[in-house]
Each structure stands twice: as C-alpha cells, then as structure tokens.
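Each residue of the sequence shown is one higher than the one before, starting from -11 at the first, in this note's numbering.
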Amino acid sequence: MIEGAQVGILLRTAVYTRQGKLVREEIRPGHSFVVAFAAILNNLFSEAGQLATIQDTGNVARTLASGNQASNLRVHAAAADATFGIVLGTGTNAIAMTDYALQTPIAEGTGSGQLSHLAVAFGPIGVATTARYINLIRTFQNNSGATISPTEAALYVQSAYTGPVLGIFCAARDIISASVDAGQLLVVQYQLVFSLT
-11 MIEGAQVGIL LRTAVYTRQG KLVREEIRPG HSFVVAFAAI LNNLFSEAGQ LATIQDTGNV
49 ARTLASGNQA SNLRVHAAAA DATFGIVLGT GTNAIAMTDY ALQTPIAEGT GSGQLSHLAV
109 AFGPIGVATT ARYINLIRTF QNNSGATISP TEAALYVQSA YTGPVLGIFC AARDIISASV
169 DAGQLLVVQY QLVFSLT
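Rendered as structure tokens:
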C-alpha cells in the first residue's frame, strides 16, 4: 500500500423532525468503494481504453462503453427517483468489493416501508489545508405512517455501457444504522475526501 495521498469516504446520517430539529446524527468513515467505481474511473482515465465488464445494479454484466464518457459517474437523481444517486436499503450483508447493489432496496413512496426521495444535492468543493471534499447529499422523508430503519446506503452512478446507453452501477455501499419515525427526515451525506495524509 502506498503511504501518503488518500481518497476516502465519510458518511453522515442525521435524523430531523419535520420542523428541522436534529434528533440524532452519526458521522463515520465509509469503507465502501466497490469494484464498479474503480472500473468506471479506469475507463474514464484511459479515454475508454479499458473496457471492463462489470455488473449493473440488476446483476447484468455490462461492458463499459467507448463513447459518451461525459455521462459517466452521474449521481444527480431527481426527487422521487430511487433508481440512482444516494439510495437506501434494509439489508444487513457485510460489505464486499464485489457488491453491485443494495441487498434490499427501500422503494420510493408513502406506503409501508417506503421513503420519499428528494433530489440529490451537491455542495461546493470543501477546502482544508491538506484536503479537499466533495459533498453529495440526499434527504429522505418518512411519510409511511410507521418507523423505517435503513441499515444500508449506497451510491448508485449512471455510466455508459456498450451501445452506448446509460446503465446504473453501484460505486459504494455501506452499512448504516438509522431509525426514522413517521414524519421525520433522514439526511444522508457522502463526503469524498481527497487528502495528502
């Protein structure tokens, strides 16, 4: 392992009342980049010279495309879109480098076990003396009428595969612990950290 410069993830989960009062918060390191993230970056860095075949979130093998690189690594999901961006689930499987999807995704909606997905938001690049930060944030509202307890979070990205057409791939997956009562909001923040030490 090379010492020095690092790329990592901090994962923040925070539950708020409908009025915006913080109920509980957890911030911890993520240990979650999975194989699709590396394959897509390698494809981009090589200007599609590295056409890896990886599983999409439907467990279908897709060969990354040699065109349309401008569309790769997009996470800009709109409100009510639970297919990509920051997504949640209730699975408990340990994280593995070969993970390609959430174990048990939480659907969009107001029914039993569902959450309302707001649009993914982005902050400006954060600056510290020896680090830079990219913040990806999504808010979920529990309008189901009962408590929902997400136990996994993932970062699903759009990227081009042979065609080229856009597919959805899991770039990161983490185990979390959150309990969201009826009417409460859950804010999930993936902070990508680029550090010199």
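Just so it is clear, CB atoms sit at the ideal spot from N, CA and C, and this is done for glycine as well.
Quiz item: Using the C-alpha atoms, what's the distance from residue 39 back to residue 133?
Solution: Taking the straight line joining both Cα atoms gives about 46 Å.
- prompt: For residue 144, which option in 156, 136, 150, 0 has the closest C-alpha, if you only look at C-alpha atoms?
  reply: When only C-alpha atoms are compared, the closest one is 156.
query = Under 8 Å, do residue 164 and residue 140 count as touching if we go by C-beta distance?
reply = Contact check for residue 164 against residue 140 passes: the beta carbons are separated by less than 8 Å.
Which residues does DSSP pair with residue -3 in a beta bridge?
-> The secondary-structure analysis by DSSP pairs residue -3 across a beta bridge with 18, 180.
Close beta carbons around residue 8, own chain, < 6 Å, minus the five adjacent residues each side: There are no such residues.
### Message
Only counting the same chain, and skipping five residues up and downstream in sequence, which positions put a Cβ closer than 7 Å to that of residue 98?
### Response
Taken in chain order, the residues that qualify are 104, 131, 132.
Cβ-based neighbour list, residue 113, same chain, cut-off 8 Å, excluding 5 preceding and 5 following
Exclusion of the five residues before and after residue 113 leaves 120, 121, 122 as the residues of its chain whose Cβ lies within less than 8 Å of its Cβ.
**Study point:** Whether residue 24 touches residue 142 by CB criterion (8 Å)
**Key:** No, Cβ-Cβ distance for residue 24 and residue 142 is not below 8 Å.
- [ ] Tell me whether the beta-carbon of residue 67 lies closer than 8 Å to the beta-carbon of residue 107.
- [x] The Cβ-Cβ distance between residue 67 and residue 107 falls below 8 Å.
Short of 6 Å in beta carbon distance, which residues of its chain neighbour residue 62, apart from the five on each side in sequence? Order them along the chain. Apart from sequence neighbours up to five positions away, the residues of its chain that approach residue 62 with a beta-carbon distance below 6 Å are 146, ordered along the chain.
*Thinking just about the alpha-carbon of each residue, which of 172, 49, 45 is nearest to the one in residue 251?*
Because the chain spans -11 through 185 in this model, residue 251 falls outside it and cannot be assessed.
Name the DSSP bridge partner or partners of residue 93?
In the DSSP output, where bridge partners are listed per residue, residue 93 has 77.
Straight-line Cα distance separating residue 20 from residue 85 | Looking at the two C-alpha atoms, the distance is approximately 8 Å.
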